[in-house]
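Trainee: In my numbering, the protein residues as written are 1438 to 1878.
Before I ask anything, here is the structure I am working with.
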Ligand code: GLY
Ligand code: MN
Ligand code: MN
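This is how it looks when you write it as structure tokens:
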């Protein structure tokens, strides 16, 4: 049996008119000049072992954003000479009898794909930019494509009302999952059982799927950044780190909470408070015009200042961060953009090159924040043996760290707290995931 593909023809709450407006806004932002644009949806990827199954199909995000369609083989074309609205044409494959019989697929509205070649032939000699999944047509201009992709990514960064609504729905489906998980969290429950309760509640509350592979790490597993839940059972006193979010209409929430099973020790409580405070302070800094690099570095300094106060690190926070000593305990960036996928629109502002500073090595974004951006703020502090047992790091940072204290906590795990925030045109951001409590109880 072939897996049935789900065919969405319009994202949550979107009308043909709002899609037209979105396309017109994007068209105005693309440096195409005389070039044509083809955006491919892509094709299902078959499982390798010939089981007549494919990985769940999703149209490429660049295609989905401008069509709202899950349409394998679809191509969205644009000719800027025909105008920002009239220039768009959606070419779709005709659904076959086998697809109707096996998958219940229905015809996606659009121009038959067979008409794409004549559409291109009528425009012969013009350069072609290709985005989305690669379209099987010769003559892609790689240089223009790169430029146009950079502009498209940037134009997609501010989320429109439909997108924000979808992210709100994803957040609304996520919150009850965390509440459910809290109910069942106790010593003896496995990471896998926690994942099942969490995800089942996401689905009951309207999720189409999870936004990414759910992370549930207990004890020392909580320090493995992208840990997959295992059969390990929670032990009294464990940190339990949960990083999971629902997806609704292709838009995702990306949330992390860390709990302690039972009574936290003073050390655990302090570590948690350092991360929580760094998170809250970082969120408050997420205002229009703030440089993400600066927000990241300020959070790194807050985290390091907390570790200095706890006696884990020695020195001046700013200097420790400059030496990248913070990456011993905070080895990832402060966050990323989120929306149509879990890394939607991240990267650098147009024209920027990678900042060579050591302290910024782990950043996923380098841009000034603007109204209607949605991004995660997710500081964390972890005891990661793979980093902390490295002799080169121990030598390099011998004076910066209280190594005997680190050795006592080498298997403690870690704390991360992550919320999704919407940048407001003025003032503090809105925390879209605020319904999920983050007090250590
Ligand atoms: N959910 C994975 C991350 O936050 O990067
Ligand atoms: Mn996350
Ligand atoms: Mn994240």
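All residues carry an ideal CB built from backbone N, CA and C; glycine is no exception.
Give me the Cβ distance between residue 1728 and residue 1805, rounded to the nearest whole Å; I'm assuming they're in contact under 8 Å.
Mentor: Taking the chain shown and counting its residues from 1, one reaches residue 1728 at position 291. Taking the chain shown and counting its residues from 1, one reaches residue 1805 at position 368. Confirmed, Cβ separation roughly 5 Å.
Trainee: Ligand 2 heavy atoms versus the CB of residue 1548: any closer than 6 Å?
Mentor: Counted from its first residue, the chain shown places residue 1548 at position 111. Checking the Cβ of residue 1548 against ligand 2 gives no.
Trainee: Under DSSP, the beta strand (DSSP E) around residue 1696 begins and ends at which residues?
Mentor: Position 259 of the chain shown holds residue 1696. Counting along the chain, the beta strand (DSSP E) containing residue 1696 begins and ends at 1692 to 1697.
Trainee: In angstroms, rounded to a whole number, what distance separates the CA positions of residue 1653 and residue 1817?
Mentor: Here residue 1653 is taken as the residue at index 216 of the chain shown, counted from 1. Here residue 1817 is taken as the residue at index 380 of the chain shown, counted from 1. Taking the straight line joining both Cα atoms gives about 15 Å.
Trainee: Looking only at its chain, what residues have a beta carbon closer than 6 Å to the beta carbon of residue 1515, apart from the 5 residues adjacent to it on each side?
Mentor: In the chain shown, residue 1515 corresponds to position 78, counting from 1. Closer than 6 Å at Cβ, skipping near neighbours: 1474, 1524 and 1525.
Trainee: Only counting the same chain, and skipping five residues up and downstream in sequence, which positions put a Cβ closer than 6 Å to that of residue 1537?
Mentor: As a position in the chain shown, residue 1537 is number 100, starting the count at 1. The answer is none, since no qualifying residue turns up.
Trainee: Between the alpha carbons of residue 1532 and residue 1451, how many angstroms are there, rounded?
Mentor: What you label residue 1532 is simply residue 95 of the chain shown in a count that begins at 1. What you label residue 1451 is simply residue 14 of the chain shown in a count that begins at 1. Each residue's Cα considered, the two are about 24 Å apart.
Trainee: Spatial neighbours of residue 1457 within its chain, please: CB distance less than 7 Å, with the 5 preceding and 5 following residues excluded, ordered by chain position.
Mentor: Start at 1 with the first residue of the chain shown, and residue 1457 comes out as number 20. So the qualifying residues of the chain are 1522.
Trainee: Could you round the C-beta distance between residue 1406 and residue 1611 to whole angstroms and report it? I think they count as a contact, below 8 Å.
Mentor: Beyond the ends of the chain as shown, which are 1438 and 1878, falls residue 1406; an answer cannot be given.
Trainee: Does any heavy atom of ligand 2 sit closer than 6 Å to the C-beta of residue 1684?
Mentor: Indexing the chain shown from 1 puts residue 1684 at position 247. Residue 1684: no, Cβ never under 6 Å from ligand 2.
Trainee: Give the range of the alpha helix (DSSP H) segment to which residue 1681 is assigned.
Mentor: The sequence position of residue 1681 within the chain shown is 244, counting from 1. Taken as a continuous stretch (DSSP letters only), residue 1681 belongs to no alpha helix (DSSP H), being part of the beta strand (DSSP E) at 1676 to 1681.
Trainee: Take residue 1550 and list the residues in its own chain whose beta-carbon comes closer than 8 Å to its own, dropping the five residues that flank it on each side.
Mentor: Translated into positions along the chain shown, residue 1550 becomes position 113. The answer, listed in chain order, is 1510, 1511, 1512, 1528, 1529, 1530 and 1531.
Trainee: Three or more C-beta pairs closer than 8 Å, one from the stretch 1667 to 1681 and one from the stretch 1711 to 1723: is that the case here?
Mentor: Short answer: they don't touch.
Trainee: Look at the alpha carbon of residue 1688 and the alpha carbon of residue 1752, and state the distance between them as a whole number of angstroms.
Mentor: For the purposes of this step, residue 1688 is identified with residue 251 of the chain shown, where counting begins at 1. For the purposes of this step, residue 1752 is identified with residue 315 of the chain shown, where counting begins at 1. Cα to Cα, the separation comes out at about 42 Å.
Trainee: Taking residue 1568 as part of the beta strand (DSSP E), name the residues at either end of that continuous run.
Mentor: Sequence index remark: in the chain shown, residue 1568 carries index 131 (1-based). 1565 to 1569 is the extent of the beta strand (DSSP E) around residue 1568.
Trainee: Tell me which residue opens and which closes the beta strand (DSSP E) that residue 1514 is part of.
Mentor: Here residue 1514 corresponds to residue number 77 of the chain shown, with the count starting at 1. Note, residue 1514: beta strand (DSSP E), 1512 to 1515.
Trainee: Run the proximity test for residue 1691: is its beta-carbon closer than 6 Å to any non-hydrogen atom belonging to ligand 2?
Mentor: As a working mapping, residue 1691 is identified with position 254 in the chain shown. Under cutoff, so the answer is yes.
Trainee: Take every Cβ of the stretch 1541 to 1548, pair it with every Cβ of the stretch 1561 to 1570, and state whether three or more of those distances are shorter than 8 Å.
Mentor: Result no; under three Cβ-Cβ pairs closer than 8 Å.
Trainee: How big is the Cα-Cα spacing for residue 1623 and residue 1651?
Mentor: Mapped onto the chain shown, residue 1623 falls at position 186. Mapped onto the chain shown, residue 1651 falls at position 214. Roughly 19 Å separates the two Cα atoms.
Trainee: Would you say residue 1628 touches ligand 2, meaning its beta carbon is less than 6 Å from a heavy atom?
Mentor: As a first step, residue 1628 must be located in the chain shown, where it is residue number 191. No, the beta carbon of residue 1628 sits no closer than 6 Å to any heavy atom of ligand 2.
Trainee: Could you give the distance in angstroms between the alpha-carbon of residue 1748 and the alpha-carbon of residue 1839?
Mentor: Taking the chain shown and counting its residues from 1, one reaches residue 1748 at position 311. Taking the chain shown and counting its residues from 1, one reaches residue 1839 at position 402. Distance between the alpha carbons of residue 1748 and residue 1839: 7 Å.
Trainee: Tell me, which residues are paired with residue 1647 by DSSP?
Mentor: Counting from 1 along the chain shown, the entry for residue 1647 is found at position 210. DSSP, once it has assigned bridges, lists 1683 as partnering residue 1647.
Trainee: By Cβ distance, which residues of its chain are closer than 6 Å to residue 1631, with the 5 residues on each side in sequence left out?
Mentor: The residue given as residue 1631 occupies position 194 in the chain shown. So the list reads 1618 and 1653, once near-sequence residues are dropped.
Trainee: Restricting to runs no shorter than 4 residues, where is the alpha helix (DSSP H) found entirely within the stretch 1805 to 1842?
Mentor: Correct list: 1822 to 1825 and 1828 to 1833.
Trainee: Report the rounded CA-to-CA distance for residue 1720 versus residue 1876, giving the unit in angstroms.
Mentor: Taking the first residue of the chain shown as position 1, residue 1720 is located at position 283. Taking the first residue of the chain shown as position 1, residue 1876 is located at position 439. If you take the alpha carbons of residue 1720 and residue 1876, they lie about 16 Å apart.
Trainee: Measuring straight from C-alpha to C-alpha, what distance separates residue 1678 and residue 1734?
Mentor: In the chain shown, the residue the question calls residue 1678 occupies position 241. In the chain shown, the residue the question calls residue 1734 occupies position 297. Their backbone Cα atoms lie some 24 Å apart in a straight line.
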